[in-house]
Amino acid sequence: MRLKCKICKKSIVGRADKIFCSVKCKNYYHVNLRNATDIETLEIDSILHRNRSILLEIIGKNGTQKKVPRIVLEKKKFRFKYLTHFHVNSQGKTFHYNYDLAWMEFSDDEILIVRKR
Ligand SMILES: [Zn+2]
26 MRLKCKICKK SIVGRADKIF CSVKCKNYYH VNLRNATDIE TLEIDSILHR NRSILLEIIG
86 KNGTQKKVPR IVLEKKKFRF KYLTHFHVNS QGKTFHYNYD LAWMEFSDDE ILIVRKR
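Heads up, the sequence shown stops at 142 in our numbering, and the numbers go up one at a time, no gaps.
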């Protein structure tokens, strides 16, 4: 079986596991793959970035934790559903991460914001 380049369809010479005929075709593929991802992730990324700015503004540049009424975040249009990852601690409390910052529902109307290092 003769392999053809994934991009230009030219026959590939060399190792059997090669996918591209040249560095040029390989780069073309990866640049396009990255661009496609950049386009599709832009909207959620900007929500996450905006959320982080809100948390950062509240906790401060060097703050390690701060408890605020939930309404403070709501007024700034914080999007609670968007997070980068989460962690449930030994007390069963969920830390909602936004990159290096996290928030936890402390009570019905309070949110604890923490900086994780
Ligand atoms: Zn090619």
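Ideal Cβ positions, reconstructed from N, Cα and C, are used throughout, including at glycine. Remember, predicted model here, so these are calculated numbers, not experimental data.
Query: Does Y124 come out as helix, strand or coil in the three-state DSSP assignment?; Result: coil
Query: Would you mind stating whether K92 and L137 have Cβ atoms separated by less than 8 Å?; Result: yes
Query: So, for Y107: in the same chain, excluding its five sequence neighbours on each side, which residues have a beta-carbon less than 7 Å away from its beta-carbon?; Result: I69, I72, L73 and N76
Query: Suppose you measure from the CA of K100 to the CA of T109; what does that come to, to the nearest Å?; Result: 22 Å
Query: Is A36 a contact residue of ligand 1, with contact defined as CB to any heavy atom under 7 Å?; Result: Before going further, note that residue 36 is Ser rather than Ala in the sequence given. Not so, every heavy atom of ligand 1 lies at least 7 Å from the Cβ.
Query: Is S47 close to ligand 1? I mean its beta-carbon at under 7 Å from any heavy atom of the ligand.; Result: yes
Query: Which residue or residues does DSSP assign as beta-bridge partners of L137?; Result: K92 and M129
Query: When the Cα atoms are used, what is the spatial distance from G85 to F45?; Result: 49 Å
Query: Can you tell me where the alpha helix (DSSP H) with V48 in it begins and where it stops?; Result: V48 to I84
Query: I'd like to know whether the C-beta atoms of D125 and R140 end up nearer to each other than 8 Å.; Result: yes
Query: Beta-carbon within less than 8 Å of E135's beta-carbon, same chain only, minus the 5 sequence neighbours each way: which residues are those?; Result: K92, V93, P94 and R95
Query: How would you write the range of the beta strand (DSSP E) that V113 sits in, first residue to last?; Result: H110 to V113
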